[in-house]
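S.K.:
Residue numbers (the working numbering), protein chains in the order written: chain A, 171 to 418; chain B, 171 to 418; chain C, 171 to 418; chain D, 171 to 418; chain E, 171 to 418; chain F, 171 to 418; chain G, 171 to 418; chain H, 171 to 418.
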């Protein structure tokens, strides 16, 4: 409700076209509407074609099923991340069209077709072991309405593999780099392209990777400009942000 | 040098239009050209209107002066970050038009006018103490050809200040949030807008901020989607990445 | 035993109203009584209506059962935290009225009715996944004689949800905020109310939450005044302290 | 502006007692007022007798002077923490009645007399070296309208010193414990009193105190209930929270 | 073999009382003997009545059984720490007199009676959950020939419990304090007695104990003199060192 | 393809001995060949007698089997590290001659005999529990064509054991030292020999070893010159590097 | 005041040999006396020949001078650690016989002669750079009434230097080992002697020593039994504890 | 002294060719000689052409001068690392031919000419700011008798610069890579060459480099084989080890 809408409402009250109590009901909620909170309240995501998202980690199977059951009444697409197989089976009971990507650990429920942007997002991994995180990013980005190109296992230990794929990487509007161990791939890609790089450290590695800390610090300290970082193993966050940028 | 160019070169060799040694010279350097390394070599930045960048920390005053002196011969704009006043005075000797922003600790040398994108970048800080970092980001972004709106001191301790500025923040194409202490501002902004947020943790805070670690971890763990993070106090990195995104 | 009591005892010895040995018995224990240690010894908690508390983590099932069995003879209310289902079953054998809250992992044995303070404690969580910790806090506070209002899933990613509940939060005498990830909710609530905030970081989050470290540091560095912090996932500690403050 | 006030305003518009534009002006700002942001906006602190607070660390001398100069026009009490002597001299130029506590590093400007609560806050330190932090807490609490009792150098290495002061500590409504090294004093006090304890770790100690980390972790892990923790060396935060609790 | 013994050997060679080859055999091993390595080689422990010690963690069941089987041929007492029940069963097969303390996770094989020192070692714990570590220390010390007094659950949350036991603690020649959480007990005991304190941090505690790190740092930073620290949960190390000191 | 080969190819094109399209096929891949990437592409390892290496951690059983199945077609030796027994059984199905070293967790497939260097590598461990890491190093080195001498359980707690083996250690061309706990063995060996030492910290130890961090830091800080460090538990890395040095 | 003394006092009250008020004065302080707190109160240290100790770090010059001035009236020996030269000059003004050891940063005031124990303490350092810490330990131990043997620069990089000094080390009743970098010396000495070792990590070293953290962790993880650890650079703590053990 | 030498000595004693006391003198020192400790004792370094090395950090100017003064009498080459200009001036007083490399912070005293190995060591840096560390490595290696090629500022942000220098890097027998920030250069070089890589993390970088920790972890986790790591900023260690390997 912007300034004009408030003025109009007040004129209507003055003119008797609108009852005081009716105006009151609108104005009581004004704070949120004026600030756009109602957007959020009424599911901003839905209006812009985004699915509703459930972060399943730390929730019980019952909670996940319950949330899906409720959302399911609203005819929206639904994306549930960090979902176990058990959660999927529970969700399947209340929503038959649910699908499960076991590598990405994502449940998707596609009720309305998802239109795709023309430009694409490149999802690049250093190794095969980074695939679950990359897949979480890729599936998220696709479900949010983006085309995704996957480039797997092009880590710097055999840098020629990366060069073979450089053209497709450079063609992307935004690039996600998922890497564990020392995470050097983010810097190297950052040095070779002039697109925004979203670096996702993964928890892949020997002891002193400290569950992804090494890759995280490495990526934060990238000597190449244009690289920013999301949380360790946070494929969803990378896919979401890439979608936001791709749709600018 | 793409496939067609190689074919043409070979035809020329076959036809005698090109000597073996001459073709050899071209092909020897092929790797870099084909991969676009020559772009970098020939200063990709310059061609796309970007300044040359010098990271002064860890360099001696003499080194900084020397680098500027050399670059100065090439008629490019120059941006030197983390520069001390002493460095500036040395640079000034070899390049009279150098300017110094003492809050951002940036030396700028603008030889060619910098055209500005229409869309703008918002640089938001939680507190007054975050201004040096924010200013490094803002000056960098401006020098890279972007309009910047500065929104200072809107931390969550007095969240109404943020709401007063929300319209201008939402109008930006990309948003930089610089915050120390607990860095909560990044998450709150992330929950209110649907633009990419580049979070810059600053080293502002009491003891357990551990020189920015608290804000860094906070921002990496943002519950709001669309937030990515650069290094602690890395205003330059944020400004550079924001420019890349703003120009997509 | 205060100064007057000692004087009286000595007068009695002087007057022969009290035997030397009898006085000796009292004075031998004086240190603890004078300092109030006997209060603790004789279960300060019980006298002020508090239950006895057992921290079950690290104890064997046999130890927990044994402790409850002994306490059970004293007709006091008993609160056992971090109890497994197996512990509950063992306790149930020796104390039929024991109840188990599986989300809070708390066993309660209510032998005497618990009177409730008029003012209430608000227990606020950022997400659904923080509920086990919040429930530990809430159940503890209730069992210590407080009314509790639960406000669940109002994290800053959708800050309007928080604003919708602000009135009930502001009505509390003391507020517990349980949040994982970046824990920004504590700062935001701290900026909106003028009541003491007890922040409980939870271990909910992706990799770089480092099992709650991110939220912990975030909360310790809160830019909002009036926020203090207890241990990661320490719902009991938060509930106990909230009760102490609520009863001031 | 609560529901009744909105209703009254609307009635006035309907009745013609209030012009549309005038009502508009009020309602435009409604979001902040309804949520209480206007409280903050219009200096909640002042209305409840609190001073305005400036956190000087990271600000330039000029910024501090400028902020004081502006605030000084509003006839409020002002508290500036982490202020250097140089800052004080600059403030003194624009505000003659400014005073400086060099141990607490606090500038105070008392324009209106500060009424004091009857109940008092105890500020307890483990050692002499913790005094700067304790003094920051004490001066803050006093300036916020509280009586403060200082109990210095009663660390657990000579625990009898603590027992000698126990009565005065127990008489407080809320207790601040400032301790460096291993910070055990917080737990010991927590085991002896049934009042809320605000523990402030200080950066005092040998190498493995890691600038207060040892005391911080120690206090967070206190085996005594009723203890919560603020940031390392954050005397201000402790004093502020103690005041909030003391005034409940 | 000291200087005199070498001289004597050489005289014997000179006099023909000893063959060159025989002397050679002795002297070949000289390096170790002279430096005392032979003490270790020939099982210093055995000669001074100490058992042989096996650290089972990281060894396979087969390795543990094999080592015991070999040692068993030498008629020495054997102490195996960090032994699982499965290891015990395997050991039992090759050595029928083996006994297992499941709380301490120690296998003992007592072939020769263990004489006990007159002075005793006090093993003090903060809580019940610290008992496994304390028991590892106590069993080790007893098996090394010391009397041990166990004082359990006297943490500072109820400090009067400690005072009740102070006499027995003060009577010890050396004191082991095992505590998790904030580990304050070590400092408090250190402030009350003038005997050497061996502090053992345990991994007992809520999240920010970080598996004993909090107690470790706390103990290292003890403000009480006379406290030194061994590794987290290292009951064996504490028991061993206490034995060395008790036998001085 | 070096400069001479390119020249020859061009001459052939000129002379008509080689068709343009044929030359094109070669030159298209030039970038990698010129930089030596083709070495990697065409399996540099194979040409120099090295096996192909698969890092199995983080890969699924199906992925490991698939990779081996493909590699198996190329008649090369294969080394798969961090392989589980389940992976081995899957590999065995597609490659009958696969062997499994369960301590090293390595699958080896030896299709072509591996010639051995004359000089040898010493693999030294501090304790029995370090054997899995040492064995990973040793098996790797052997499979890469080196002789290996294993010296087990010569930690500094009984330093004479080390001295007994010093001759064989000194005879090696390069030495691997695997040690957990405090990792002092690396420094002691480094002080006694003048060969390159590759130190491998292992995750063996009590609590404050923090899964190998203590040994890692210890080895990085070695006061003895000539010591460098690989990742915690990274036996493969040590064995590989030792092989590179041994073959210089 | 023990039980007999209390009984006697009571008899005297009964008999009229002692007035009630007089007895009251004694008994009022009883708590501390009975628990031995009076020992501390009345300067336990003095009675057993120990000096009073002042930890100067974090104190102002004025505070240190004031404390010494007060103590100086009591004719006791005084030891002030971590004292700057400026502090010494201030102390010298109020106490002419004060002496300063600039390497140990210790002020000593010896008013009464210090008798020495027959057995001695060995203070061993790995390098020359560890001397300030070692000297703090040695001076402390000497001032507490112990003979000290200093063995400097016998680190494991040249282990023969240690062996040359082994006899004198073994002759000590307790051994202090001060070492920075990787701190391996503590383990090596621990493997060679059967006396208690007090390990003091020092902050000497390159970057990844992290100001002594590497040596600290190394020493805590010592594979040799009989080693315990005090805080980084805490020479005083080591010297004090060594004295306690030496005087057992 | 090997077995044969001992036998011969004994025969001589038997035959009277050698006196008992004379044989005793030899055998007394046997331990060190047999183990080669005398090599160290009699300056192994000198005999093999190595300079004596002084690590100046933590030493006083007087100590450094004194050590040089003593060594200077022995006509050996001397290398003093981490030397300040003040130290150099003091050394210059006692040894006129001393030279100072202010970037490497190394004092060298070359009394005897240093012969150079034919093969060379490559010292590669990511940036200009890494030069002090690289120079410490290079000067050390040269002074130990090696040829060194310096390749400066070839970090991965502009990877074509590295490729331009690849030939010279591949020509080395061993390669030192010094890099700060994310240290990715070590992995990239490791993927391109088959020589041993000694990675030196430097403390160059923004906040979350944590003084070199990021580069350290990155290098330890290198996905490229053949990379090992020395301490942060430890140019000397890298240079020394490179020399050992180059001279194999």
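Virtual Cβ for every residue (Gly too), placed ideally from N, Cα, C.
Can you give me, in chain order, the residues of the region 282-305 of chain A that have a beta carbon less than 9 Å from any beta carbon in chain H?
M.R.: Here the close residues are 296, 297.
S.K.: Quick one: grab the DSSP three-state call for residue 220 (chain B).
M.R.: In the structure shown, residue 220 (chain B) sits in coil (DSSP, three-state: anything other than H, G, I, E or B).
S.K.: On the criterion of 16 or more Cβ atoms from any shown chain inside 10 Å, does residue 266 (chain H) qualify as buried, or is it exposed?
M.R.: The residue in question, residue 266 (chain H), is exposed, as its Cβ has fewer than 16 Cβ neighbours within 10 Å.
S.K.: So, with DSSP's three-state summary, where would you put residue 302 (chain D)?
M.R.: Looking at residue 302 (chain D) - three-state DSSP - the assignment turns out to be helix.
S.K.: At a CB-CB cut-off below 7 Å, which residues of chain E make contact with residue 180 (chain H)?
M.R.: Going along chain E in sequence order, the residues near residue 180 (chain H) (Cβ under 7 Å) are 183, 190, 193, 194.
S.K.: Quick check: what's the CA-CA separation for residue 264 (chain E) versus residue 272 (chain F)?
M.R.: If I take the Cα positions, the gap works out to 25 Å.
S.K.: For chain C, is any of its Cβ atoms less than 8 Å away from the one on residue 378 (chain E)?
M.R.: Yes, contact with chain C.
S.K.: Whole beta strand (DSSP E) runs in the region 338-397 of chain F with 3 or more residues, listed along the chain?
M.R.: Qualifying beta strand (DSSP E) stretches, in chain order: 344-349, 367-371.
S.K.: Which of the three DSSP states, helix, strand or coil, is assigned to residue 326 (chain H)?
M.R.: Helix, per DSSP.
S.K.: Strictly below 8 Å CB to CB, what residues from chain F border residue 358 (chain G)?
M.R.: What residue 358 (chain G) touches in chain F: 326, 329, 354, 358.
S.K.: Distance cutoff 8 Å, beta carbons only. Does residue 374 (chain E) sit that close to anything in chain C?
M.R.: Judged by the 8 Å Cβ criterion, residue 374 (chain E) is in contact with chain C.
S.K.: Below 8 Å, can you find three or more Cβ-Cβ pairs linking the region 319-335 of chain B to the region 384-401 of chain C?
M.R.: Yes, the region 319-335 of chain B is in contact with the region 384-401 of chain C.
S.K.: Three or more beta-carbon pairs under 8 Å between the region 332-352 of chain B and the region 374-389 of chain B, yes or no?
M.R.: A contact exists between the region 332-352 of chain B and the region 374-389 of chain B.
S.K.: To test your reading of the DSSP string, which unbroken alpha helix (DSSP H) runs of 4 or more residues are found completely within the region 231-278 of chain H?
M.R.: Runs found: 231-241, 255-264.
S.K.: Can you tell which of H:239, H:223, H:192, H:248 has the C-alpha that lies nearest to the C-alpha of residue 407 (chain H)?
M.R.: The residue with the shortest Cα to Cα distance from residue 407 (chain H) is H:223.
S.K.: What separation, rounded to the nearest whole angstrom, lies between the Cα atoms of residue 331 (chain F) and residue 355 (chain F)?
M.R.: The straight-line gap from Cα to Cα measures roughly 12 Å.
S.K.: So with Cβ pairs under 8 Å, would you call residue 393 (chain C) a contact of chain B?
M.R.: Yes, contact with chain B.
S.K.: Can residue 220 (chain F) and residue 314 (chain F) be called in contact, C-beta distance under 8 Å?
M.R.: A contact, by the Cβ cut-off of 8 Å.
S.K.: Quick check: the Cα distance between residue 235 (chain D) and residue 268 (chain D), rounded to an integer number of angstroms?
M.R.: Distance between the alpha carbons of residue 235 (chain D) and residue 268 (chain D): 11 Å.
S.K.: Does the CB of residue 177 (chain E) have a neighbour CB from chain H at under 8 Å?
M.R.: With 8 Å as the cut-off, residue 177 (chain E) counts as an interface residue toward chain H.
S.K.: Could you check whether the region 254-264 of chain E touches the region 306-321 of chain E, counting it as contact only if at least three pairs of C-beta atoms, one from each stretch, sit closer than 8 Å?
M.R.: Cβ pair count under 8 Å is below three, so no.
S.K.: Find the nearest neighbour of residue 191 (chain A) within the set D:189, D:184, D:191, judged by alpha-carbon distance.
M.R.: For residue 191 (chain A), the nearest C-alpha among the options comes from D:184.
S.K.: Tell me, please, which residues DSSP counts as bridged to residue 321 (chain F).
M.R.: Per DSSP, F:294.
S.K.: For a contact defined as C-beta to C-beta under 9 Å, what are the partners of residue 227 (chain A) on chain C?
M.R.: 299, 374, 375, 376, listed in chain order.
S.K.: Skipping 5 residues on each side, what residues in its chain have a beta carbon closer than 7 Å to that of residue 205 (chain D)?
M.R.: Confidence in residue 205 (chain D) is poor, its pLDDT being 27 and thus under 50, which makes the residue's placement unreliable; the coordinate value appears in the next sentence. Cβ within range, chain order: n/a, list empty.
S.K.: Within this structure, are the beta carbons of residue 225 (chain E) and residue 252 (chain E) separated by less than 8 Å?
M.R.: For residue 225 (chain E) and residue 252 (chain E), yes; Cβs fall inside 8 Å.
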